[in-house]
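As structure tokens, the structure follows; a few thoughts come after it.
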Amino acid sequence: MPTPKLSKAQWQHLEKTLTYGERLLFAKLMDGPVEDDDSTECRVLVGLGYATRIAPGRLEITPAGREALKANK
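Shown next, in the form of structure tokens:
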């Protein structure tokens, strides 16, 4: 599986607040909705407001999540 593309500054910003698994999930969300397996990573991103549950078993990035990355390009 290829690593999702985020800029170096975006990864550095995320490294300060998220675990490696959470960063990978967040990067996948940039490409579109992903499966919500109710893992800790999913719960953390929803709790931070970076993702939202759009349907049972699906997560999508929120405007707040996009803004967090835009600010660190």
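The numbering of the sequence shown is my numbering, which starts it at -1 and goes up by one.
Built from N, CA and C at the ideal position, the CB exists for glycine as well.
Since the model is a prediction, treat every value here as computed from it, not as a measurement.
Decide if residue i is buried, meaning its Cβ has at least 16 other Cβ atoms within 10 Å, or exposed.
| i | result |
| --- | --- |
| E39 | buried |
| D34 | buried |
| Q10 | exposed |
| A7 | exposed |
| Y48 | buried |
Have a look at the options and flag the residue whose alpha-carbon is nearest the alpha-carbon of residue i.
| i | options | result |
| --- | --- | --- |
| E20 | A53, S37 and G30 | S37 |
| L46 | P31, A62, K6 and I52 | A62 |
| P31 | L12, R41, A53 and V42 | A53 |
| K68 | T17, A25 and Y18 | A25 |
Tell me residue i's beta-bridge partners as DSSP assigns them.
| i | result |
| --- | --- |
| I59 | A49 |
*Counting only runs of 3+ residues fully inside the stretch 2 to 44, write out the beta strand (DSSP E) ranges in chain order.*
Counting only runs of 3 or more, we get nothing.
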